[in-house]
Each structure stands twice: as structure tokens, then as C-alpha cells.
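Chains as they are written, first to last, in this note's numbering: chain A, 3 to 327; chain B, 6 to 353; chain C, 5 to 302; chain D, 179 to 542. Note that the Cβ used here is the ideal one computed from N, Cα and C, for glycine as well. Have a look at the structure below, then the notes.
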Amino acid sequence: MIPGRSKIAALAAVGRVLARELAATAALLVGVSLTVFAILALAPGDPVAALLGGNLPAGAERDAVYEALNIPKTWYGQYLSWVGNLLHGDFGNSLRTGQPVAQEIVASGLRTLFLTVGALFVTLAVAVPIAVYGALRPDSRRVAVLTMAVYVVSALPVFWLGYIVIFVFSRQFGIFPILSASGGEGQMVWLYALLPLLLLGLASGTLSEAVRHLREEVARVLNEEYVRTARAKGASVWRHAYKEALVLPVAEIVASKIPFVLGGAIIVEQVFNWPGLGRLAWQAAQDRDFPVIMGIAMAAALVVRLASFAHRAVYVAVNPRASHE
Amino acid sequence: MEPMDSPLLEVRNLSKHFSQRGGLFAALARERGTGVIPAVDDVSFDLHANETLGLVGESGCGKTTTGKAILKLMPVTAGRIRYAGRDITVLSQEEFRPLRREIQMIFQDLDAALNPKMRIESVLREAVLLCEPTLASGALQARIYELLELVNLKKNKLSSFPSELSGGEKRRIGIARALAMRPRLIVADEPTSALDVSIQAQVINLLRDLQSQLGLSYLFISHDLQLVELVSHRVAVMYLGRIVEMGPAERVAHAPRHPYTAVLWSSLVEKMSREGAASSVAPSAWGVFDFERPTEGCRFAPRCPVYAARGRPAQCTDASQAPRLAAADGGAHVVACHFPLPAQAGPG
Amino acid sequence: MTTRYSQAQERVSEYSQLSAWSTARRADRWRVLYGAAVAVLVLVSYALGALHWLPRDPEAMDLQAMLLGPIEQGYLLGTDFMGRDILTRLILGIQAYFLPGLLSIAIALTLGALLGVLAGYRGGRAEMGVTYLSNLVDSMPRLVLMLLVIAAFKPGIYTIMAVVGLTTAPTVATLVKGKVLMLKARNFIESAVALGVPPRAIVFRHILWYNCRTLLLIQATLGMAEAVLIETSLSYLGFGVQEPTPSWGNMVQAGANYLLQGNLWVSSAPALAILATVLGFHLLGDGLNNMFEGGQRR
Amino acid sequence: MSSQPILRIEDLRTYFHSRVKQAFVRSVDGVDLEVAQGETLGVVGESGSGKSVTMLSAMGLVSAQPGIVTGRVVFDDGTPRELLEGLGRHVALERRDGRIMGVEKDERGWRAQAERNLTGVRGRRIAMIFQNPKAAMNPFETIGRQIAETVRLHTGVKTAHEARERAIHWLGEVRIDSPRLRYDNHPHGLSGGMCQRAMIAMALAAEPRLLIADEPTTGLDATIQARIVDLLAELRERLGMTMVLISHDIGVIVRLSDRVAVMYGGRVMESGPAAEVLTEGGGGHPYTQALLASIPQERNLREKGRLPAIEGEVLDTINVPRGCRFRERCQRIHDSVRARCEEHEPELAEVSPGRRVRCWLYQA
């Protein structure tokens with residue numbers, strides 16, 4: 003009830019909320035690292051030692067070797083040393099290539115990020131108009147057709163669609179750089195990069211979810227009382243409604259759909275030989291290359307949590323009530 | 006049956022404190038420096054068989070919390086509650102459940118008693134079977150019809166879903182569901198505030214008829230002083246967790262001794278009459294704020310016209326001399342105020 | 005474009021007891037019908053596969069009749085690059101995901117309902133715990149988690165689906181929690197306690213049976229669609245069922261090279277099967293949701 | 179009070195179509211109302227009587243389908259303007275023995291024309307305030323900026339600073355404490371009463387000719403309600419504001435209205451000077467008299483031991499009976515009028531100067 007709460011107090015409240023979000027993000031990342039490590043620890047063979055010291059003989063000598071390489075015996079000791087390395091950016095070395103995992107992850111990570119962000123952009127570029135149009139004209143035939151099309155596209159198996167797209171492009175335009183993106187010529191690379199992006203954006207299964215969520219939010223907000231007041235006072239409806247009808251839902255969709263898009267990227271990269279984290283993960287799973295797969299899992303989790311933190315930041319920035327709760 | 010004079014329900018020094026809560030009470034908590042908010046603070050009253058005690062006050066004064074505390078729907082911070090001579094404060098939820106049958110509640114929210122996905126017939130059947138599990142299907146159906154009769158609802162409502170009922174019908178089903186347990190005491194929390202005027206009158210008449218027919222006792226909770234005075238034999242006025250005045254309904258309404266009751270009454274009357282009642286306590290005399298920061302001692306002091314008129318006497322805000330309920334005119338009518346209003350015929 | 009509204013007779017029956025079906029929009033009815041048809045077809049095909057009542061021997065190779073298109077030479081859906089009957093292999097392919105899918109649904113629904121009721125009913129720490137679990141599961145892309153599990157255990161499809169079930173449970177829990185909080189907001193839970201309804205009955209009858217059954221049914225249909233997608237993606241990546249045992253995923257993968265050379269059908273048949281099934285279960289879930297959970301039944 | 183009416187509503191009908199029951203909800207079923215310059219018209223009725231939908235329809239704020247089907251709404255503050263002009267073209271009605279049973283409406287065409295008619299009137303000349311202010315104000319924006327927006331939209335003021343000062347001025351007018359500080363508060367930071375005052379300030383900031391208040395006191399505490407009623411009374415006096423006050427609370431209506439219209443089942447049952455219509459015993463419409471008698475007031479109870487409640491449920495405007503729509507709950511039907519009550523709905527006929535009643539008891 004304090005009249006005219008000063009700006010500082012408002013910022014302090016926002017700061018408190020964001021601090022709480024940071025703490026939650028950290029707690030979740032710890033949770034992910036524990037889960038990932040637990041999966042590894044429960045795996046048959048002695049992956050832990052491999053993780054920390056390369057290929058090691060099993061049995062009694064192992065303890066001696068542990069001693070030598072001062073690898074902690076207890077599982078939590080191993081966990082702590084693994085996490086310790088992680089924090090220093092040392093994701094361990096790939097069992098297959100012996101290269102430090104961190105470098106590989108960063109290099110291919112950027113390419114996957116490009117793919118993911120691009121795909122999300124495509125998804126939203128298609129979903130927002132359909133959702134808004136659908137909310138404003140619920141009974142129009144065109145909306146029904148569009149919505150059905152979205153459902154069909156979302157149910158398509160991404161890998162098959164990938165092949166079809168490659169077949170069409172290679173047959174019609176005669177371009178099919180067999181080798182990976184980095185090898186293709188200038189103009190081709192740009193075009194070539196667009197295909198997986200479009201595919202991941204449209205057919206990764208998130209499109210129908212995005213349209214449905216956005217459409218429900220837009221329809222709900224347009225019936226909110228404060229939007230009716232805006233119309234009653236002759237103000238523009240969208241100027242009042244855009245925050246809750248579009249900004250918040252879009253932020254929520256981006257944050258909640260990133261994990262699914264990253265998952266879809268694994269398939270799309272496989273189809274298009276796109277040298278991203280997806281292919282790396284696939285390769286690592288084939289060769290049981292734990293450092294790499296664990297590194298990727300942590301990297302992916304980091305991206306997802308940062309996106310979620312960004313969403314909370316947007317939510318608190320846009321919605322003054324949030325910092326009040 | 007216990008002797009007539011001993012009360013059915015005895016509430017002694019009931020307190021319910023909530024840990025730090027935002028909004029209205031935050032100011033109070035910060036004021037006292039403790040994170041604790043006394044939503045209900047040392048409340049005591051009795052309720053006899055076949056009697057209606059009105060509990061009236063503005064929203065946030067703790068009247069609903071008091072009701073729910075009696076029904077053990079929330080743990081009690083301090084105080085004793087005795088029902089039919091037995092101390093129920095110490096009972097566990099398991100031990101208390103058989104007794105729940107006798108003490109029922111009607112919630113303010115019309116939809117509270119109704120599972121949205123359940124037809125009315127199953128709502129009533131569940132209640133009847135809870136009370137008499139061994140009832141044969143024939144007798145069960147008869148009992149359901151009897152309940153509909155009691156609250157004058159047509160049989161074709163049985164197959165409806167709650168969403169298909171009007172406000173009045175939902176309230177009557179809620180009452181029928183409570184009656185299925187053959188209760189002796191009903192805590193009615195704002196039973197008519199969500200209803201239209203004409204339906205309100207029907208429900209009030211229904212509650213009065215049921216009282217005479219079934220010998221029920223009511224704890225009637227409401228913010229509407231007029232309605233409470235009309236329906237109750239005795240009325241207790243609450244302000245910020247404390248009973249500030251209690252007594253026979255006519256006296257509390259027509260000869261209020263506590264300034265707050267007078268203000269409550271005059272704001273109602275003033276709202277009603279065209280020229281504004283020439284009440285002894287002009288409402289606009291007190292603070293412009295909705296709720297000023299309540300202080301020690303008498304919590305109403307900051308808004309109290311008498312406190313202002315008498316030049317803010319220290320007595321009122323002295324923590325050690327917090328006003329206690331004392332007889333104003335020989336027993337039945339008690340008031341908690343250092344400077345109670347003179348016992349002249351008040352407004353209304 | 006004008007819209008027509010009309011009222012048939014003067015007096016409308018007091019409170020007509022129209023079921024959810026008759027009041028549903030036409031589009032939702034079509035969705036549920038199509039989805040239900042797909043579900044029945046999958047169930048029947050699963051049974052056929054399990055009992056080995058198949059049109060042809062899935063392994064028999066008819067070298068004269070390789071890469072046939074649909075309805076050529078008596079092969080209803082043609083043959084693959086080794087002359088094997090595609091229809092039979094498609095029916096058998098359901099074995100790869102059906103039971104495992106049911107397993108993942110069972111895990112997700114029971115665990116989800118349990119956690120959801122706990123979180124909603126008790127609130128406080130329990131609610132924080134479920135929210136944490138839900139966020140934890142959402143933190144990792146499901147396929148990445150799968151690859152990690154595969155790298156660690158080289159698991160069979162059942163283990164994979166068990167993990168899928170575990171990772172879906174928090175989503176179900178959040179939905180069930182939402183229902184409980186809705187009932188709490190109406191003071192329904194408090195009023196049931198005040199009436200004397202024992203907690204067991206409040207949880208199982210009122211919360212789960214009456215208010216969550218359609219919600220859980222919808223999650224089951226979406227769960228089956230998810231199972232199809234997971235299984236086919238993994239077998240496409242080479243981790244699921246291996247040749248020669250048929251799975252829709254490895255059939256698409258095996259047909260890919262031929263597709264690139266112009267023979268589309270061998271890879272497209274399983275792909276269309278995936279499309280039809282996933283679409284079917286999505287539409288079934290969505291239709292049911294609009295009919296039972298949607299608010300627009302004015 | 180015979181000055182030129184600033185707002186006139188004639189035979190307004192607003193229907194909604196229930197898909198569940200395949201029938202029309204006839205929320206507003208032929209309403210005629212007038213508001214004279216400087217007057218406060220109280221529109222009183224229970225839930226489902228159509229009082230809010232009437233005003234929302236007049237202001238083009240009804241979105242459910244099919245919405246307004248017939249009627250004329252004339253706003254005249256010097257230059258008469260018909261707000262539903264040229265909308266008949268977009269609607270085709272199918273009547274069966276006098277009652278509308280089918281509607282064919284071109285929603286897009288209708289909405290475009292309606293918005294054109296309302297530009298310059300809605301928000302500028304007619305302002306509205308609503309119930310539960312915390313939901314009706316934009317939660318994402320401070321109350322000050324929302325008021326300044328109205329100032330910039332509807333008054334000559336253009337610069338942000340000047341708009342801010344005007345907004346602070348209006349906050350002061352509605353007796354909000356320290357308006358300069360409250361400017362930066364968000365709706366959730368204020369109490370119910372405070373938020374309602376902010377909404378009133380926002381409406382007044384457009385300096386409208388007519389203020390429509392839709393249940394402004396509902397949901398507030400008794401003491402806060404009284405203060406809002408005081409404020410509205412004071413503004414009426416000081417600004418000579420013409421007002422339409424919609425409420426189910428007869429006390430508020432009595433306190434503020436010059437003239438009153440009592441609505442039931444989507445139609446006006448009675449209208450006239452507030453003092454005359456809303457006094458018990460006055461020869462008014464049976465519904466009004468029964469409503470007044472059922473208010474939980476001290477004198478109602480003592481005489482008869484029970485509140486004289488009106489039996490039956492409020493009309494659900496889906497099954498509107500033939501003849502008078504109140505007849506199923508009316509206790510004053512006697513043989514001389516019974517036939518007419520059950521067959522034909524009475525007109526809103528003038529029984530004395532400025533007083534109209536829709537009841538056969540008062541017509542030849």
C-alpha cells in the first residue's frame with residue numbers, strides 16, 4: 003500500500019526474483035549432472051575410470067592404477083572431480099579421438115545452436131500468424147484447413163521428410179553436395195543450410211503444440227476484462243493486449259520447446275550430415291564415448307536452463323505483478 | 006442430551022496466527038516486528054442449541070477463519086473449543102471425523118460442495134451413504150427425495166451437472182448435502198452473498214424453517230450487518246481478529262456501544278437513504294485511507310471517530326490496556342472499548 | 005460470409021442432458037473418430053502380429069518381385085528391396101513399439117497421478133519437489149537422454165520406454181496437480197473434508213476418477229504417439245530394433261538409399277504408416293481434450 | 179426532466195446462441211431506455227436481467243455470437259448520431275409467430291460498420307467503468323500511464339508531460355491520497371477501493387458527456403462501497419455528469435438515481451422517478467414491489483415473521499414464456515387479467531407523467 007513505491011524498491015524486487023531463478027537454475031544443473039553421472043556409474047564395465055583416465059585394465063591392478071593416477075575410489079569422489087573439471091571447462095577427452103571434448107562441443111555446438119534458433123524462428127513465424135488468425139476468426143474454413151495442415155506436418159517423421167526434400171532438391175536443382183556443409187561452395191552452403199533449418203522448424207512436432215498454445219492464450223487474453231476496458235475507452239486493443247497475448251506466450255514457447263528442437267536436431271543433422279552436436283552425440287552413443295555424450299548432455303541442459311532463465315527474466319520484466327509474488 | 010442451559014459450542018480464547026502474509030496484514034506484522042499475523046486473536050463465545058449466533062465484520066476480520074478453525078479445517082494456534090461438552094481441540098482428524106457428521110459447513114463459494122463432474126444425484130447419494138452406510142437402495146432413494154423436499158427442489162434436478170444449475174439451486178443442493186448428515190450445528194459462511202436479492206430471501210427463509218424443523222444451531226458469518234441482525238438471536242462484531250462487541254441482535258443493531266459497529270451500521274444506512282443518515286457518527290469523519298496501519302491496544306483507534314473526537318487519548322493505543330470485552334449494561338451486551346457510546350437508541 | 009443461428013422449437017427441455025459427444029463441434033467429432041479408428045487398427049494389427057496371423061511370411065524373399073509399388077502382383081502394399089512383403093512387415097513393425105509404449109504410458113500415468121495428487125493435495129514442499137523434478141526432466145532433450153542411456157546400457161526397447169515413462173511422469177503430475185488446485189480454488193476439497201469424506205475417497209473418487217480420467221486418457225493417447233516417434237527415431241538412428249526384424253523406423257532407413265535413386269515407395273510406406281498413426285493419436289487426444297476439458301461448450 | 183435525451187435506446191435485442199441447448203439466450207429482448215441530460219438513470223435488476231448486456235451492446239462491446247440483432251441507439255449531445263446505423267443490412271431475421279427463431283448475420287460486415295459508427299463516441303463522449311477494478315485495469319501498466327493514455331487519446335493535450343499532469347489532477351479529483359506518488363502504482367499495488375477510484379479517474383479524464391457505471395460497487399466492502407457512492411454523488415453534483423448506473427444493489431440505486439428502470443428477463447418492467455418507483459406500497463410493477471419487500475430489512479421481517487420471498491428461479495431467458503415474462507412468479511394475478519397475462523406481453527405503457535409500467539393491472 004506504500005504510495006508511489008520508488009523505482010529502487012521495484013528493481014530490488016525484480017532482482018530478488020531473478021536471484022531466486024538463478025539459484026533454481028544452478029540447482030537444476032546440479033540435478034542434471036547427478037543424473038548424468040548416475041547413469042554412467044550404473045553402466046556395466048568401468049566407464050568411470052575410462053572417463054577420468056582413459057582405457058584401463060579391470061580387476062585388482064585397477065586399484066593400483068587408481069592410486070597412481072589419484073582417481074578417487076568412492077563414487078562421490080569421482081563425481082566431484084568430474085564436476086570440478088567441468089567447471090574448469092575440462093569436459094575430459096573423447097575416448098575415440100583423444101581430443102578434448104570441450105573443443106569439439108563448442109565447435110559443433112555453435113552449428114547446432116544456429117540450426118535450433120533458426121528452426122524456432124521458423125516455427126514461430128508460421129505459428130504466430132495461424133494462432134492469431136485462428137483466435138480472431140475461430141469458425142473460418144481457412145483456419146480449419148491451416149490447423150489440419152499443421153497437424154499433418156507435425157506428425158510427419160522428420161527423417162523421411164528429410165530424404166524426400168533432399169531427393170526433390172537433388173533431382174530438380176541438381177545440387178546435392180554430398181559432403182558436409184563446410185565443404186560446399188559459397189552460394190550452395192547458404193541454401194544448403196536453410197533446408198535442415200526449415201525442416202526442423204516445421205516438422206519437429208513442436209509446430210502443432212505452439213499453434214495450440216498460442217491460439218489459446220490469444221483467445222483468453224482477448225476476453226480479459228482489461229482488454230474490454232481498453233476497447234471501452236477507445237484505445238487500441240493490441241497496444242494493451244500484446245504483452246500478455248503474444249510476448250509472454252512466445253517467450254514461454256521458446257523456453258519450453260528448445261529441448262524438443264534440440265532433440266529433433268539430432269535426427270535432422272543425421273539426415274543432412276550436418277556436423278552439429280546431434281551427430282556428435284549419435285557418434286558418441288555408437289562408440290560408448292562417455293566423456294562426449296556426458297559433455298553434450300550437460301551442454302544441452304545448460305542451453306535449456308539459460309533459455310528458461312531468459313523466459314523468467316522476460317516474464318518478470320513484462321509483468322510487474324511477478325516481482326510481487 | 007446435556008441440560009438445556011449448557012451451550013452446544015463453547016469457544017474459549019481461540020487464536021489463529023498465520024506466518025508472514027502479504028497484503029492487509031503485512032503492515033501489522035511489520036509494525037510488531039514479528040513475522041506473525043494474528044488473524045484471529047483471543048476470541049471467545051458460546052452457541053446454544055437451536056440458536057443462531059451472527060458473526061459480522063468486514064472482509065479480513067477473521068470471521069471465516071474462526072468458522073473454519075471450529076471445524077478443524079485448519080490447526081488452531083491457541084484456545085479451546087468444546088462441542089456438546091467434549092473438548093474437540095485435542096482430537097486428531099481421525100478421532101474428530103465421526104463428530105464431523107454433527108457439525109456441517111455451508112461455504113460461501115456456491116460451487117464448493119459440488120464436484121463439477123458429478124451429477125447431483127451422486128452428490129447426495131455420497132453424503133447420505135456417509136451418514137448411513139448400511140441404507141438399502143430403496144431407503145436411500147427415499148432419503149434423497151426427502152432431502153430435495155426439505156430444500157424444495159424438483160426431482161428432475163437430480164440428473165443435472167452443477168454447471169447446469171442456477172445460483173439458488175446450487176446453494177440448496179449444498180444445504181441438502183449438509184442436512185444428509187443430520188447435523189446439529191451448521192457454520193454458514195456468507196451463505197447468501199453470492200445470490201440475487203429474491204433468491205437470497207428464499208434461502209434465508211429456508212435456513213429459518215430448517216432451524217425450527219430440525220432444531221439446528223447456526224454460526225451465521227456475514228459482512229452484511231442488516232442480514233445478520235435479521236437472522237440471528239445474538240450478534241458478535243469482529244474487527245481485525247477480535248470481537249469488539251457482542252450481544253442480543255436488536256441491541257447490537259439499534260443501540261451499538263462500540264464506535265466500529267456504529268460506523269458499520271451507518272455506512273450501510275447512509276448508502277441506503279438518499280440524504281445520508283444524520284447518524285451520530287458521520288462516516289466521512291474518519292480517515293480517508295481504507296485501512297490505516299492498525300496499532301497496539303485498540304486496533305480500531307486509527308479509524309475511530311470517538312478516539313479522534315476525544316483528542317486521541319493514550320489509553321486507546323496503550324498495549325497494556327488493550328480493551329477487553331466487558332458488560333455494558335448487565336451481562337448480555339458486552340463491548341471492548343474504553344469510551345463506549347452512550348446507550349441511546351442508535352440509527353436504523 | 006454469413007453465419008446462421010437458429011432455434012428449433014419454442015420451449016427447450018428444462019435441462020437437456022446432452023452428452024459431451026452430441027454437443028461437440030463437428031471438427032472434434034471427426035478427429036476423435038479418425039483417431040479411434042487408427043487406435044483400433046493398431047490394436048488389431050498388434051494382435052495379428054503377436055499371433056503370427058500374417059498375410060505372408062515376413063522373411064520370405066521373392067527375388068522376382070523386388071521394389072514393387074502398391075497393389076502390384078498381388079502384393080497389397082508392394083515389396084521392399086529384398087522382395088519381402090511390406091504389408092506384413094508393417095504389421096510386425098507394430099510389435100516394436102506397442103507393448104513398450106503401453107509400458108511407458110503405465111509408468112507415466114501411475115507415477116504422474118501419484119506425484120500430481122501429492123503435490124496438489126499437500127502443497128508446500130511436495131509441490132516444490134514435483135516442480136523441481138518436472139524442470140529437471142525438461143532440462144535434457146529426451147533424445148540426448150536416450151543416447152546417454154544407450155551409450156551406458158545398450159538397453160532393449162523396454163528399458164528405453166521405461167525411461168520415456170519416467171520422463172513423462174512429471175508432465176502428467178503437473179496436469180493432475182492443476183486439477184487438484186482447481187478443486188482447491190473452489191474450496192471443494194475443504195468442503196469434502198468438512199462433510200466427513202475420508203481422504204482416500206477424496207483422492208481416488210473425487211480427484212482421480214471424476215476429474216482426471218479424461219485427462220489421463222488423453223495423456224495415454226499422446227503417450228502412444230510419443231512411443232511411435234521415439235521408437236522409429238531410435239531405430240532410424242540404428243539403435244532400435246535391428247534388421248531383419250522389421251520396425252517402421254529401420255524400414256524407412258533401409259529404404260532411404262533407394263528413395264534417393266527415385267524409388268520412393270519402399271521408404272514412404274512405413275513413413276506414411278508413422279504419419280497416420282502419430283496423427284491419429286494426436287487428433288484423438290486433441291478431440292477428446294476439446295470435448296471434455298475444453299471450456300467452450302457454451 | 180423533459181430536456182432532450184442524451185441517449186435513447188429503442189427495441190434493442192441482443193441474443194447469444196447456446197450450442198449446448200441449440201437455442202437462443204435472449205439476454206436483451208426488446209429494451210427501451212432514455213437518459214436525459216444531467217440526469218442519473220439507475221438500471222436495477224437481478225443477474226440475468228440483461229442490465230449490463232444492454233449497455234455493453236449500446237457501446238459495441240459484445241463479442242459473443244450472434245450479438246445485437248435489432249434496435250436503434252441514438253446518442254445526442256447536440257448532433258444526434260445513430261450508433262447502430264446501417265447495421266440492418268448485415269442481419270436477416272426469421273420470425274415465427276412474432277418471435278425471432280432464426281438469425282443470419284454477416285459478422286465481419288456488421289463489426290466494421292459498428293466500429294465506424296462508434297469512433298469518436300466510445301471512450302470520448304461516452305465513458306464506462308466496470309466491476310472488480312483490479313481485473314478491469316491493465317495489470318501491466320501503471321494507473322497513471324493508463325489515465326494519461328485516455329487524456330492523450332481524447333483531449334487536445336498532446337505532450338506526455340501535460341498528459342501526466344492532467345492524469346495527476348484527475349487522481350486528485352477522485353480523492354486518491356498523494357496522487358503524484360500513486361501515479362506510478364500498478365493496479366495490484368492498490369486496494370479495491372483505490373483501484374476503483376483510479377478507473378473512475380480514467381473515465382473522467384476523457385471529459386465524457388455520459389458516464390456508464392456497470393456495477394461499480396459490487397465486490398467491495400460495505401464501508402468502501404459507501405465511500406465510492408459518496409464520490410459518484412459528489413462528481414455528479416460538481417461536474418453535472420450525466421450517468422447511467424447499473425447495479426443489483428437497490429441501496430446504491432436509491433442513493434444516486436434521479437430516474438430508475440427496473441429490468442427482468444431482458445426487458446424493462448418499469449421506469450420512472452426513483453423516489454416513486456422504489457418505495458414500497460407505491461402502485462408499481464408486481465416484480466419491483468416484491469423485490470423491495472424481499473430485501474432483508476428490519477421492517478420486512480418483523481411484520482410477517484418471514485421474508486416475503488419471490489418464489490421460483492430467476493428467468494433463464496432461454497425459455498421465455500408466452501405473455502408476461504414474470505407471470506410464473508407473480509402473486510398479483512387475479513382472474514380479471516389472468517387471460518391477458520398468459521397470452522400477450524403488456525406494453526411499457528405510461529401510467530402517470532414520466533412513469534411507465536409493463537403490467538396488465540395498470541392498463542385499460
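C-beta neighbour in chain A for residue i, strict 8 Å
i	result
Ser272/C	yes
Tyr240/C	yes
Gly291/C	no
Chain C within 8 Å of residue i, Cβ atoms only
i	result
Glu282/D	yes
Ile187/D	no
Met419/D	no
Val306/A	yes
Chain D within 8 Å of residue i, Cβ atoms only
i	result
Arg190/C	no
Thr218/C	no
Gln11/C	yes
Met5/C	yes
Val16/C	yes
Asp114/B	no
Thr231/A	yes
Tyr228/A	yes
Proximity test, Cβ basis, 8 Å: residue i and chain B
i	result
Pro399/D	The question names Pro, but residue 399/D in the sequence shown is Asp. Asp399/D counts as touching chain B.
Ser241/D	no
CB of residue i within 8 Å of CB of residue j, strictly
i	j	result
Leu288/C	Ala40/C	yes
Tyr79/C	Ala64/C	no
Val535/D	Asp207/D	no
Ser251/C	Gly244/C	yes
Val229/A	Val239/A	yes
Arg344/D	Leu409/D	no
Gly291/C	Val36/C	yes
Cys303/B	Thr322/B	yes
Val145/A	Tyr135/A	yes
Gly301/D	Ala384/D	yes
Arg191/D	Thr232/D	no
Val252/A	Ala121/A	no
For residue j and residue i, believed in contact at Cβ under 8 Å, the rounded distance
i	j	result
Pro174/C	Leu119/C	7 Å
Ser210/A	Ser156/A	4 Å
Ile390/D	Val422/D	5 Å
Contact list for residue i against chain A, beta-carbon separation under 7 Å
i	result
Pro394/D	Chain A residues near Pro394/D: none, gap ~13 Å exceeds 7 Å.
Proximal residues of chain D, C-beta to C-beta of residue i below 7 Å
i	result
Tyr135/A	Within chain D, no residue comes near Tyr135/A; the closest Cβ sits about 13 Å away, beyond 7 Å.
Under 9 Å by beta carbon: chain C residues contacting residue i
i	result
Gly33/A	Tyr136, Leu137, Asn139, Leu140 and Ser143
Per-residue contacts from residue i into chain A (C-beta, under 9 Å)
i	result
Thr328/D	Lys235, Gly236 and Ala237
Interface partners of residue i on chain B, CB under 7 Å
i	result
Ile473/D	Val202
Proximal residues of chain A, C-beta to C-beta of residue i below 8 Å
i	result
Gly370/D	In chain order: nothing, as chain A lies at least about 12 Å away.
Is the stretch 375 to 384 of chain D close to the stretch 282 to 298 of chain D, with three or more CB pairs under 8 Å?
no
Should the stretch 87 to 96 of chain C be regarded as contacting the stretch 223 to 243 of chain C, the criterion being three or more beta carbon pairs within less than 8 Å?
Because the criterion of three Cβ pairs below 8 Å is not met, the stretch 87 to 96 of chain C and the stretch 223 to 243 of chain C do not touch.
Are the stretch 81 to 88 of chain B and the stretch 149 to 165 of chain B in contact at 8 Å, needing three or more beta carbon pairs?
no
Under 8 Å (Cβ pairs) to chain F, residues found in the stretch 187 to 205 of chain D
The structure shown contains no chain F; its protein chains are A, B, C and D.
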